[in-house]
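A.B. asks: All the letters of the sequence shown, read from the start, carry residue numbers 10 to 285 under this note's numbering. Quick one: the structure is below, questions incoming.
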Amino acid sequence: MADKSFARDVQSNYQIIRSRYVFDGQPPELKKQEFAKRYSKREDATNDLNTAIKISDLEGIEKHSKRTVKVTKQHNEDCKRLLRLMGVPTIEAPCEAEAQCTALCKSDKVFAVASEDMDTLTFGAPRFLRHLMDPSSRKIPVMEFEVSKVLEELRLTMDQFIDLCILSGCDYCDSIKGIGGQTALKLIRQHSCIEHILENINKERYKIPEEWPYQETRRLFKEPNVTMDVPELKWIAPDEEGLLSFLVNENGFNSDRVAKAIEKIKSAKNKSSQGR
Numbered sequence: 010m011a012d013k014s015f016a017r018d019v020q021s022n023y024q025i026i027r028s029r030y031v032f033d034g035q036p037p038e039l040k041k042q043e044f045a046k047r048y049s050k051r052e053d054a055t056n057d058l059n060t061a062i063k064i065s066d067l068e069g070i071e072k073h074s075k076r077t078v079k080v081t082k083q084h085n086e087d088c089k090r091l092l093r094l095m096g097v098p099t100i101e102a103p104c105e106a107e108a109q110c111t112a113l114c115k116s117d118k119v120f121a122v123a124s125e126d127m128d129t130l131t132f133g134a135p136r137f138l139r140h141l142m143d144p145s146s147r148k149i150p151v152m153e154f155e156v157s158k159v160l161e162e163l164r165l166t167m168d169q170f171i172d173l174c175i176l177s178g179c180d181y182c183d184s185i186k187g188i189g190g191q192t193a194l195k196l197i198r199q200h201s202c203i204e205h206i207l208e209n210i211n212k213e214r215y216k217i218p219e220e221w222p223y224q225e226t227r228r229l230f231k232e233p234n235v236t237m238d239v240p241e242l243k244w245i246a247p248d249e250e251g252l253l254s255f256l257v258n259e260n261g262f263n264s265d266r267v268a269k270a271i272e273k274i275k276s277a278k279n280k281s282s283q284g285r
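Here it is as structure tokens:
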């Protein structure tokens with residue numbers, strides 16, 4: 010929801026504390042419809058890919074191949090295993106990773122939440138970083154958002170901001186057709202909350218979804234399923250033998266490249282700050 014006017018470029022003078030990785034747990038029931046949409050889009054992309062292959066459309070093959078990628082449970086397990094072998098602490102959230110990250114940030118267990126999902130702000134993350142994981146070669150600045158400044162600039166309370174995000178579109182329920190970000194902000198400022206908007210909205214102009222679960226969605230943002238029973242967030246030395254076995258023997262990586270990467274990890278561990 011927040012745009013660049015609420016953020017600052019912190020690439021040139023920001024020192025990032027060492028990263029901890031948080032993985033999604035069981036998704037909330039409200040997210041099932043979002044998964045259904047993603048599945049439908051992948052099916053469409055698969056059909057488009059097959060058509061592109063038949064006519065030898067190389068550009069189409071490349072484009073549609075990217076849209077058919079699906080992250081599997083095994084992909085996640087491999088990522089967790091690799092990070093642990095690297096000595097990087099990992100956490101599995103009971104539900105949404107962004108909500109869990111926000112809880113850790115609110116309790117000062119971490120400094121900021123790094124994600125590309127703007128719902129992180131809706132969960133109330135005090136400090137939120139975007140583009141942290143982008144490669145340096147892309148030269149995209151890391152942007153820092155502070156939820157308190159977002160609320161101040163928008164002249165909204167946190168409850169109103171959550172309603173604004175629901176109206177503008179999120180993963181947990183459909184938005185009202187015809188209402189985008191600017192209109193949603195105008196309506197929130199005028200009527201304060203979704204209930205009052207629904208009482209005053211032109212229902213012929215704006216089509217409200219049937220069985221619209223905005224109240225459950227609001228509750229999910231305000232009272233997410235998180236845990237504070239997490240292990241100590243501590244970096245340890247990389248398991249060199251384990252990394253070589255996993256990457257080289259099991260997955261066919263070049264042993265020299267892996268060895269060089271391990272040396273970089275060991276070198277970074279002794280530094281006081283972390284780059285991208």
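Glycine included, each C-beta is placed from N, C-alpha and C at the ideal position.
#1: Might you give, ordered along the chain, the residues of its own chain that have their beta carbon closer than 8 angstroms to the beta carbon of Ala246, omitting 5 neighbours on each side?
#2: Buried or exposed, going by whether 16 or more other CB atoms sit within 10 Å of the CB of Asp168?
#3: For Ala123, which beta-bridge partners are listed by DSSP?
#4: What does Glu101 pair with, by DSSP beta-bridge criteria?
#5: Is Glu250 near the ligand PLP, judged by its Cβ being under 8 angstroms from some heavy atom?
#6: By the three-class DSSP mapping on this structure, what secondary structure does Lys118 have?
#7: Taking C-alpha atoms, which residue in Lys212, Leu207, Phe255 lies nearest to Gln224?
#8: Drop a sphere of 10 angstroms on the beta-carbon of Ala11, count the other beta-carbons inside from all chains shown, and report buried for 16 or more, exposed for fewer.
#9: Note the first and the last residue of the continuous alpha helix (DSSP H) segment covering Asn85.
#10: With DSSP as the reference, please indicate the residues paired to Lys186 in a beta bridge.
#11: Between Leu242, Val239, Lys231, which lies nearest to Thr131 when the distance is taken from Cα to Cα?
#12: In chain order, what residues of the same chain lie with their CB nearer than 8 angstroms to the CB of Glu259, ignoring the 5 residues before and after it?
#13: With a Cβ-Cβ cutoff of 9 angstroms, do Cys88 and Val235 count as a contact?
#14: My assumption, with CB atoms under 8 angstroms, is that Met152 sits in contact with His140. Please give the rounded CB distance.
#15: Would you decide whether Ile188 is buried or exposed? Buried here means 16 or more other CB atoms lie within 10 Å of its CB.
#16: Just the C-alpha distance for Val239 and Cys114, rounded to the nearest angstrom, thanks.
#17: Let me know if Gln109 comes out buried or exposed under the rule of 16 or more other beta-carbons within 10 Å of its beta-carbon.
#18: Given this structure, state the Cα-to-Cα distance separating Thr60 from Lys75, to the nearest angstrom.
#19: Where do the ends of the alpha helix (DSSP H) carrying Tyr181 lie?
#20: Could you give the residue range of the alpha helix (DSSP H) that holds Glu259?
#21: Would you mind working out which of Ser264, Gly251, Gly133, Asp265 sits nearest Leu94, comparing C-alpha positions?
#22: From His200 to Leu176, what distance separates their C-alpha atoms?
C.D. replies: According to the data block:
#1: Gly96, Lys275, Lys278
#2: exposed
#3: Leu138
#4: Phe32
#5: Although the ligand PLP was asked about, the structure shown includes no ligands whatsoever.
#6: coil
#7: Leu207
#8: At Ala11, the pLDDT of 34 sits below 50, so the modelled position is not reliable and the matter cannot be decided from this model.
#9: 82–95
#10: Lys216
#11: Lys231
#12: none
#13: no
#14: 6 angstroms
#15: buried
#16: 13 angstroms
#17: buried
#18: 15 angstroms
#19: Tyr181 -> no alpha helix (DSSP H), and no H or E assigned at all.
#20: Here Glu259 belongs to no alpha helix (DSSP H), and DSSP marks it neither H nor E.
#21: Gly251
#22: 13 angstroms
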